[in-house]
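*Asks:* Before we start, here is the structure in question, set down as structure tokens.
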Amino acid sequence: MKLLLVNILLAMSWSALTGSASLINFLTGFALGYLALAVTRGRRHGETYFRRLPRMIGLLGFFLRELAASGLRAVREVLSPVRRSRPQIIRVPLALRDRHQILTLAQLLSLTPGTLVLDIAPEQDAFYVHTLFVDDADAFRDEVRSGFERRVAEALS
Amino acid sequence: METNSHTAVSRRQGSGRDAALTLLVLAAPLGATLWLLALLPDVRAGAALQFAISWVPSLGVTLAFMVDGLSLLFALLVSGIGFFVVIYAGLYLRGHPLLSRFYLYLLLFMIGMLGLVLAADLITLFVFWELTTVASYLLIGFNHATAAARRAALQALLLTGLGGLCLLAGLILLGNAAGSYQLAEVLQAGARVRADSLYVPTLLLILAGALTKSAQIPFHFWLPNAMAAPTPVSAYLHSATMVKAGIYLIARLHPVLSGTGLWEWALTLTGAATAVVAAVLALRQTDLKLALAYTTVVALGTLTMFLGSDDTVAIAAAITFVLVHAFYKAALFMVVGIIDHATGTRELTQLGGLWRKLPVTFVAALAAALSMAGFPPFLGFIGKELKYEGALAIATEPLLVAGAAVFANALMVAVAATVVLKPFLGRPGRQATHRDGPAGLWLGPLLLACLGLAFGLDTSLVADSLVQPAVTAILGRPETVKLKLWHGINLPLLLSVATLTLGVAAFAAQHRLRALMDSVAPRLPLSADRIWDSLIESLKSLAAAQTRLLQHGVLHKYLQTVFVTLALLLALALLHGGAPSLEWPELTIKEWAAMALTLAGALMAAAARQPLTAICGLGALGVGIALIYLFFGAPDVAITQLLVETLFLVMIAMTLHRLPLFSRPHHASLRRGDALLAIAVGCAVTAALLLALQQPFDPATRDYFERAAVPEAHGRNIVNVILVDFRALDTFGEILVVFAAAAAAVTLLRGHRIRSRNGNGNGNGNGNGE
Amino acid sequence: MSWLLALPFLLPIVTALVAYLTRRREALTRGLSVGNCALLLLVTLMIFIAVVRGGPVAAQMGGWPAPHGISLAADYLSALMLLVTAIVGLAVAIFALADIDRACARLGFHSFFQLLLAGVCGSFVTGDLFNLYVWFEVMLIASFALMVLGGKPLQLDAGIKYVALNLVSTLLMLTAIGLVYGLTGTLNMAQLHLTVAAIDNPAAIDVLGVLLLGAFGIKAALFPLFFWLPASYHAPPVAVTAVFAGLLTKVGVYALIRTFTLIFPAGEGLVHQLLLPAALLTMLTGVLGAAAHYEFRKILAFHIVSQIGFLVLGLALYSPLALAGAIFYMVHNIVAKTNLLLISGTAQRLAGSFELLRIGGLYRAAPLLAAVFFIAAFGLAGFPPLSGFWAKFLLVKASLDQTAYWTAAVALLTGALTLFSMSKIWAEAFWKDHPGGEQSLAPLAGTERLQRLLPSLALALVTLALGLFPQPLIGFSLRAAAALLDPGAYVEAVLAGP
Amino acid sequence: METALALLVGAMTATGIYLMLARNLLRYLFGLILFSNAANLAIFAAGRLTRAVPPLVEAGLNAPATPVANALPQAMILTAIVIGFGLLAFALALIVASYRTLGTLDADTMRLAEPPVAHDAQGTH
Amino acid sequence: MNSPILQGATRILAALILLFSVYMLLRGHNEPGGGFIAGLIASAALILFALAWGVAEARASLRVAPAKLAAAGGLLAGGSGAVALLSGLAPFTGLWLFIGGGDDGKGLPVSTVLAFDIGVYLAVFGSVLMLFFALEDD
Amino acid sequence: MAIAEILVALLILGGSFFGFTAAFGLVRMPDIYTRMSTSGKAATLCCGLLLAAVALLFQDARVTARAVAAILFLFLTVPVGAHMIARAAFRTGTPLCEGTGVDPELVRDRREN
Amino acid sequence: MLELINAVDSPLLNLAINLSSWLLLLALVLCFFRLARGPTLADRVVALDVLNILAVAYCALLAVASGRAVYLDVAIALALVAFLVTVAFARFIERGGARAERGEEAQEHGDR
Ligand code: NA
Ligand code: NA
């Protein structure tokens with residue numbers, strides 16, 4: 390995280406130096422800064438950051454896609470005269486153990502169409518998830534494990 | 005009797021110191037007396053000595069004194085009798101733990117009284133007048149542990165205090181009418197004052213002061229009650245001097261205020277009624293001190309009666325009688341004190357045959373009583389003769405005055421006889437525990453009584469140097485007064501004989517008369533003392549009722565009152581000035597929406613049945629208001645509004661689980677009145693706002709800020725520039741408020757812990773905290 | 013000069029902040045509090061002298077020119093009020109050393125006390141209407157804290173009423189100030205004097221006047237808005253009540269006087285008609301309330317209300333003499349009333365209660381206390397030669413001069429009833445024997461005796477001195493009154509520039 | 278525009294006062310919030326309204342190029358809001374502490390400071 | 021409250037919000053923001069933290085007692101008003117220094133006014149936290 | 307520029323449409339959980355789109371940074387908030403709408419506690 | 002009827018802005034309906050949350066319409082606020098606010 394901040398700082402300095410405050414310029418600065426950091430920091434400390442950043446961007450893309458889908462799903466559900474939803478609460482066991490990962494997963498799940506994390510099981514080994522459009526609970530559990538959990542684990546470990 | 009609360013041991017220990025103290029105090033009246041005596045020749049020659057220093061020039065008040073015939077007479081009485089009283093008191097209260105305080109009050113009184121009679125400025129006079137009231141209060145309550153003394157002190161204080169307040173108003177009016185508070189000028193302005201449109205209230209107010217102080221009916225009752233004071237006090241203040249302050253005042257202002265029908269009738273009637281009623285009451289008493297007290301009232305009534313006139317003889321009679329009375333009454337009081345001291349009682353029925361043990365006292369008592377009864381050759385006889393002469397000389401109502409005088413004097417004869425004969429010569433009753441006692445104790449009464457005799461034998465001692473200058477001062481014209489023991493057989497002498505006869509008869513029939521009065525008295529609907537009590541009681545219950553009505557302790561009623569007041573005030577202002585016109589506002593739809601959201605939130609909060617619902621309403625309201633700020637160009641305010649509103653709601657939500665729910669829905673119907681009130685205030689606020697908005701706006705300050713923000717304050721956010729620069733002081737104060745609020749809240753929420761940790765310290769206990 | 017004018021609030025503020033940080037080091041905070049009060053006395057004295065010598069002084073905060081920035085201004089009235097505040101502050105600060113227990117001190121008593129002084133001084137010295145609001149708030153929140161300091165049930169109960177009613181006043185004041193700004197476009201009081209005079213809109217001026225009257229009326233405890241005062245003043249520690257009694261309501265009265273002489277001259281218009289009846293009813297209801305009670309501090313609290321009536325009477329009569337009377341009365345009353353409350357605390361400390369029926373014996377056991385009480389109480393009742401006499405004299409004379417006979421009558425009657433209550437306390441607490449016997453009286457000794465009695469003695473001497481030598485203050489009050497009625501010099505001083 | 282705001286201020290004041298008059302202290306507090314918001318809006322309206330132009334000077338200029346909203350009332354409101362926050366927060370703490378100590382939120386039953394029985398005039402004087 | 025999700029989110033959010041508050045503080049003189057707003061935002065960060073993790077944790081992570089912050093803020097604000105005394109100017113007169121700039125005011129501005137705003141920031145921040153922590157502790 | 311304009315128009319229209327849906331969902335859905343499921347997401351999306359429109363319109367780094375910050379902030383907070391309410395509702399037994407299926411394992415978990 | 006001050010020059014954008022404005026205002030109304038209606042506390046809290054988020058959106062729209070980035074700051078503040086409120090209220094509900102819904106016996110009397 391520290392390196393990310395430093396990177397942003399560098400990008401801002403770039404913008405300031407070049408005197409142009411456009412988005413493009415900022416992104417240019419960010420990229421340059423990334424490179425600079427990668428060079429200066431080398432392997433010793435920040436190794437993971439440089440590997441993680443692309444994955445994080447990937448996760449972000451995935452997340453945005455899911456969000457859009459989720460929004461559209463919600464629109465359809467709300468506006469259509471017929472109720473399609475089949476609400477149910479499903480217990481989803483977790484493989485992740487890291488706090489941040491669990492958090493990210495929960496965020497993602499909550500933003501997915503028709504799902505809402507109600508609670509975490511007492512042993513913190515499962516979510517209770519409220520779903521609208523799931524027919525098969527087991528299929529949903531698999532989907533979570535193979536889709537979200539994997540990506541989160543990759544991006545944040 | 006007064007000294008029973010301290011022990012003999014302390015008495016012995018303190019007696020040496022007490023004697024020294026007494027001697028020290030004695031210097032004051034002695035010095036004053038000698039100084040005044042030295043002034044006698046000058047005053048007799050007609051000089052009025054003036055002494056003035058500037059005091060409150062802004063108000064025209066000077067600390068001015070003047071010695072003329074009238075003031076000298078009274079001043080001599082005050083200091084001379086004061087001298088004897090101090091000697092007497094030194095022995096009477098020997099060893100009393102509060103003797104020094106007693107002397108302090110006595111000196112205070114003496115100063116007050118001397119200042120009063122010597123004052124040459126109305127306000128100065130009043131200042132010393134009130135000083136005597138205060139000193140009297142402290143002295144009456146000297147035996148502070150007894151409820152009776154406290155009650156009597158309060159009664160005297162309130163009554164004379166009320167009178168004093170009237171007097172103050174009267175003196176201010178008099179000063180206004182005369183154009184000055186300087187006595188010299190006031191005395192010259194008589195004609196103007198009497199012609200003033202406010203003459204009547206002025207006179208009545210001043211008389212109210214004088215008559216309460218001098219215990220005239222219906223304000224007479226405080227004086228007998230004041231006998232709760234130690235006897236020296238009774239002798240000094242409540243017979244010889246202070247009660248004569250009213251008389252002095254009437255005499256002092258005689259040249260200014262007299263000569264009108266109102267003056268004459270008011271004084272004559274009041275005085276006559278007082279003399280007659282008090283005389284009857286005096287006869288009824290069996291407590292020696294009380295009997296004497298009532299005779300004092302008689303004397304005061306008589307004096308008042310005579311001062312109503314402006315006949316030379318009547319005035320001379322009054323002045324002479326002032327002297328006469330001062331001598332014999334002070335002496336008699338001290339005698340009673342000696343009896344009380346020796347026997348432990350003042351009750352007539354228990355006393356008798358004391359002449360053996362108290363021979364000197366007996367002589368003093370006898371001499372004083374003879375003067376009181378008006379036997380020749382005592383000064384009392386001359387005084388009485390002069391009274392009758394004066395009464396007959398009064399043009400308007402000679403019969404009334406003479407009749408009252410005869411009646412009163414007759415009963416005085418009876419009382420005088422009773423006071424001396426029964427205790428000293430009657431069948432032996434309670435025995436005296438010791439003999440006359442030290443000379444200091446009986447010296448005063450004896451000397452005073454003998455003075456009565458001496459002055460009677462040689463009237464020139466008083467006539468030229470005291471009475472005549474005084475009469476001159478009162479009447480404001482040079483007068484010649486001759487006092488004679490023997491006038492030949494004339495009407496006054498006949499009246500004297502009649503008086504004596506009647507008096508003896510009354511003395512003979514005293515038991516029957518007393519019994520009669522005792523049987524009548526309870527059936528009388530009114531006694532002034534009881535009326536006083538019921539007045540005080542009704543004052544208290546009025547106060548209690550008012551408190552119940554106003555200060556009832558119910559918060560929502562307090563708030564109702566506040567808002568009702570506000571609504572009425574605003575309604576009054578709007579009716580007075582006219583309501584503003586209302587025009588349909590031009591708003592865009594989003595502005596309407598924001599306002600609607602705000603209003604809806606407010607209504608939701610008002611109608612909410614549960615706190616959280618109300619909070620949600622407030623949340624909506626907060627968003628609505630923020631949007632309004634935003635739409636009208638106030639983003640800083642919008643952000644702050646949102647943050648503050650939210651933080652506050654969060655705070656409530658954080659504490660809500662510790663608070664109870666609203667117990668039942670508040671039905672609107674139950675609080676229709678509140679709703680109407682609220683709407684009324686709301687409408688008024690709207691109207692007020694619209695009125696303010698009608699005025700074209702003066703943009704000078706706004707423009708200044710816009711011009712100066714960047715060049716001078718180096719900031720482009722004008723709001724922020726105002727906050728941190730143009731009006732930084734406001735902001736500074738405001739962070740203090742927030743800080744103090746936080747600290748105060750911490751105090752509240754943690755206070756109980758800190759307190760329990762430290763234990764309960766001393767101080768700040770609350771008497772009714774339970 | 014600008015610093016001199018700012019010091020009366022800056023000093024207590026800094027002291028308050030530092031004292032809060034060091035509130036667990038008792039000796040230090042106590043020293044800070046008393047030391048600052050002494051310093052404050054010095055500063056206010058300097059201001060006073062400056063004003064006496066050269067007339068009103070003003071300063072522009074931040075150096076921004078009036079009427080745009082915030083102006084501070086001290087005319088005769090302000091300078092006098094500042095001085096009296098400092099005197100009372102010092103007396104109470106010393107008294108508090110003995111009266112405030114360790115727990116209350118640790119909760120921040122000294123800080124809140126200093127903040128209260130800052131608020132009071134700020135209110136007296138500001139020449140800006142909105143800044144006045146801010147200082148009122150500083151004072152108010154400090155008073156809230158002091159009211160509930162220690163958190164006893166009684167205090168909380170009283171605090172609820174105190175807070176609930178005072179907040180209404182605050183909001184009214186805020187609204188009113190907002191509307192005044194809307195009407196005139198300025199907040200500077202000197203400028204307002206000029207602007208309002210030029211506005212021909214009697215309806216708006218009446219309405220705003222009435223709003224301000226309501227707001228300040230609550231603060232000043234005017235009839236029928238005074239409930240908060242008797243409901244609460246007997247609850248907090250005595251040192252707190254004493255400073256409240258001396259200063260809080262007086263700031264409300266000050267605001268009334270300032271507003272209705274400078275901004276909306278009350279010689280005419282609706283407010284003028286309302287002030288007189290309000291004043292008279294305040295005098296009477298207050299004094300009657302006192303007659304109904306047997307608790308030392310409740311009696312005094314109701315008397316505060318009553319005496320507010322006298323102060324407002326001076327404003328209502330609106331003559332030089334009447335205003336001078338109000339000013340003189342204010343000084344007299346602040347000193348005497350503060351002292352009486354300090355004495356009530358010492359009496360309670362000695363005899364164990366504030367309930368008059370449960371105490372007694374102080375006349376004999378505590379002669380010095382009795383003497384200072386007597387001076388303060390009879391001074392309050394208006395007996396010469398104590399300060400209250402001249403105060404009463406001025407107001408009664410002003411009434412009579414204006415042929416307001418009923419007013420004079422009510423004033424005198426109120427005086428008599430005041431005497432009734434004061435003598436009640438005297439008789440019950442001092443003269444009467446203690447119901448529990450002499451052993452129920454706990455004697456004072458050493459430092460505590462000094463800390464408790466020295467302030468009382470000093471204040472009693474002030475009462476006596478003002479009575480014996482009234483001319484300086486009366487002359488000053490007349491000058492102050494003249495300046496209030498013709499604020500040309502004030503306006504000029506403020507608007508002259510930095 | 279100001280007229281509408283004036284009406285809103287009146288309505289908010291009214292609802293605020295209505296709540297303040299309730300016996301429950303929490304309702305009083307809510308009423309106070311409404312009232313204080315109304316007061317702020319009153320100041321806002323009193324300074325006259327300008328649509329959507331915040332009092333900011335654009336960079337490089339010495340004064341606003343176009344008429345902007347009146348900044349002074351905004352500053353006043355900011356001060357008032359923060360002060361109001363302090364006061365309300367204290368009031369809330371007071372309510373919490375009172376409830377803990379006195380066991381009720383009904384102000385009418387809080388009679389410790391002024392007990393309901395009238396004081397009898399019973400002194401001996 | 022003990023919600024892992026909230027707690028996890030709060031760690032990040034609180035830091036972000038604090039950062040945002042400093043941003044609002046520093047640009048306040050030219051754009052919306054300033055000491056008040058920034059102080060309120062900063063306190064929101066710690067309130068959030070306290071809601072998620074408890075007051076003790078919040079206090080510990082703040083390290084400085086809120087009361088000290090608040091009082092220091094007050095003193096800083098007052099002190100920055102008092103700097104004017106050194107120049108013989110009226111209290112609260114703003115003094116500006118443009119580091120590295122000429123008379124055109126283009127340098128990096130350092131001013132007593134900024135110090136004042138920081139004082140406001142600290143005072144508001146500390147005071148609000150005092151309030152919340154006390155309410156929550158209770 | 308025209309493309310950017312059209313894009314902006316689309317973004318704000320889409321955004322507000324999502325906003326409307328969110329509110330409509332609140333009214334229409336049968337229980338608290340379904341309401342949250344639909345409206346939370348729609349509202350977030352609404353904001354996201356509108357903020358993106360701002361960024362696109364201004365083309366300024368500082369504005370963009372703030373818009374991105376706002377979006378990130380919302381993405382971080384909205385789901386957490388939704389979770390908190392849902393959890394509270396769930397734990398305090400706020401009723402589910404008719405026909406909601408409940409995982410038997412969950413019932414077991416709860417019984418154990 | 003619906004006009005936005007400082008709307009940009011483009012008619013297309015203007016139309017979009019106007020339409021959006023209507024939509025969002027309508028949403029506001031619906032939201033308030035749920036807020037007022039309840040029935041559970043959680044419902045109200047959700048409604049308030051959405052209301053706040055809609056206000057964020059509206060700020061963004063204002064920024065577009067007026068061309069002023071100022072509104073963005075308001076939006077951020079609002080987002081922050083919305084979250085804080087939601088968390089605090091959720092906590093309240095969890096801590097015992099639910100007793101209100103169940104209509105438990107109140108402890109207090111004479112409340113009106
Ligand atoms: Na206030
Ligand atoms: Na007071």
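Chains as they are written, first to last, in the numbering used here: chain Y, 390 to 546; chain R, 5 to 774; chain G, 13 to 510; chain X, 278 to 402; chain E, 21 to 158; chain B, 307 to 419; chain F, 2 to 113. Where is the CB? At the ideal position from N, CA and C, for every residue including glycine. Treat the numbers as computed from the prediction; the structure is a model and nothing was measured.
1. For the region 96–125 of chain E, list every residue whose C-beta sits within 7 Å of some C-beta in chain R, in sequence order.
2. Do you know how far the Cα of Q220(R) is from the Cα of T569(R)?
3. Is it buried or exposed for P410(B), if we count other Cβ within 10 angstroms and need 16 for buried?
4. Run through DSSP, which three-state label would Y330(G) get?
5. DSSP state of M278(X), grouped into three classes?
6. Any Cβ of chain R within less than 8 Å of the Cβ of A243(G)?
7. Quick test of your reading: A58(F) and S322(B), contact by CB under 8 Å. State the CB separation rounded to the nearest angstrom.
8. Could you run through the region 157–182 of chain R and flag, in chain order, every residue whose CB is less than 8 Å away from some CB of chain G?
9. DSSP on L314(X), reduced to helix/strand/coil?
10. So the candidates are S14(G), A108(G), L191(G) and L465(G); which of them puts its Cα closest to the Cα of F124(G)?
11. Note down the Cα distance separating H100(R) from K426(R), rounded to an integer number of angstroms.
12. Could you list the residues in the region 376–395 of chain X with a C-beta less than 9 Å from some C-beta on chain E, going in chain order?
13. Have a look at G43(G) and P379(G) and give me their C-alpha separation to the nearest angstrom.
14. Do you know offhand how far W23(F)'s Cα is from V714(R)'s?
15. When DSSP labels each residue in this structure, what does N22(E) get in the three-state scheme?
16. Am I right that G98(E) and F730(R) are in contact with their C-beta atoms under 8 Å? What's the rounded C-beta distance?
*Replies:* So, from the data block:
1. Residues of the region 96–125 of chain E that bring their beta carbon within less than 7 Å of a beta carbon in chain R comprise A97, G98, G101, F112, G114, W116 and G125, in sequence order.
2. Here the C-alpha atom of T569(R) lies approximately 46 Å from the C-alpha atom of Q220(R).
3. Around the beta-carbon of P410(B), fewer than 16 other beta-carbon atoms lie within 10 Å, marking it exposed.
4. Y330(G) falls in the coil class under three-state DSSP.
5. Residue state for M278(X) is assigned as coil, using DSSP reduced to three classes.
6. True, the Cβ-Cβ gap to chain R drops below 8 Å.
7. A58(F) to S322(B), Cβ: 7 Å. Contact.
8. Residues passing the 8 Å Cβ filter: A157, L158, L161, L162, G165, L166, L169, C170, L172, A173, I176, L177 and N180.
9. A small correction: the amino acid at residue 314(X) is Asn; Leu does not occupy that position in the sequence shown. Per DSSP, reduced to three states, the secondary structure at N314(X) is helical.
10. Closest option to F124(G), Cα to Cα, is A108(G).
11. For H100(R) and K426(R), the distance between alpha carbons rounds to 30 Å.
12. Residues passing the 9 Å Cβ filter: R377.
13. Their Cα atoms are separated by approximately 29 Å.
14. Note on geometry: alpha-carbon atoms of W23(F) and V714(R) lie some 38 Å from one another.
15. Here N22(E) sits in coil by DSSP.
16. In fact, because the Cβ distance is near 18 Å, the residues do not count as touching under 8 Å.
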